[in-house]
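For reference, each letter of the first sequence is one residue, going 1 to 140 in UniProt numbering. Beta carbons: idealized from backbone N, C-alpha and C, even for Gly.
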Amino acid sequence: MVRKKSYTKGNLKRGAWTAHEDKLLYDYIMSHGLGKWRSLPIKAGLNRCGKSCRLRWLNYLRPDIKRGNITEEEEDLIVRLHKLLGNRWSLIAGRLPGRTDNEIKNYWNTCLRKKLTSKTLLSPADTGTKSNDIPVPIFN
DNA sequence: AAACGCGACAACCGCTCCTTG
DNA sequence: ACAAGGAGCGGTTGTCGCGTT
């Protein structure tokens, strides 16, 4: 299937979001709700592509979002879910209320992977295979 | 005090999946 | 049934701040 590129660099702004842009996006979604991401930036007066708006909303602006301070409990859950699901970050995020796939993915790639590999090096016999026995809590 | 290295995180990009006409 | 467009996902990159030398 041939697809038109949805992301055109054109005149659209890229890079870090400003407080003003955040406010425009937040206010628009608060008063109109989530709708078509493609047309949203135009209606909200943002010079961004819909993709960028979606990412910003999901990973940063959403009111129910928890940021930082991943607890040991959450960390343990992430590890178990990762054993179970692999790199299905959105599925893992779905089991952790208030956490985003991007945050979990970042956390995994920076902290956890390192922790786990060092653990693995220390105790190679203790890896994998038992994951399916571990009950995973389901939120929602 | 400056240079450098590294970790953390936000955002981009390309691809696939899903929905609709 | 098929094609096209929109939405979502996962990998990767860029940047910033902090600690170390």
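Have a look at residue i and residue j and give me their C-alpha separation to the nearest angstrom.
i, j, result
"Gly15", "Leu46", "13 Å"
"Arg80", "Leu58", "24 Å"
"Arg95", "Ala44", "31 Å"
"Glu73", "Arg62", "23 Å"
"Asn87", "Asn106", "12 Å"
"Trp37", "Lys114", "36 Å"
"Asn109", "Leu24", "31 Å"
"Gly50", "Gly35", "11 Å"
So what's residue i in DSSP terms, helix, strand or just coil?
i, result
"Pro41", "helix"
"Ser6", "Here Ser6 scores only 35 on pLDDT, less than 50, and its place in the model should not be relied on; the value that follows carries that caveat. Residue state, collapsed to three classes: coil."
"Asn102", "helix"
"Arg14", "coil"
"Leu46", "coil"
"Asn69", "coil"
"Lys115", "helix"
"Lys36", "coil"
Check for me: the alpha helix (DSSP H) holding residue i runs from which residue to which?
i, result
"Ile89", "The amino acid occupying residue 89 in the given sequence is Trp; Ile does not appear at that position. Its alpha helix (DSSP H) spans residues 89 to 94."
"Ala19", "19 to 32"
"Asp64", "Taken as a continuous stretch (DSSP letters only), Asp64 belongs to no alpha helix (DSSP H), as it is neither H nor E."
"Gly50", "50 to 56"
"Lys83", "72 to 85"
With C-beta atoms as the reference, is residue i less than 8 Å away from residue j?
i, j, result
"Leu91", "Leu85", "yes"
"Trp89", "Ile104", "yes"
"Arg48", "Leu12", "yes"
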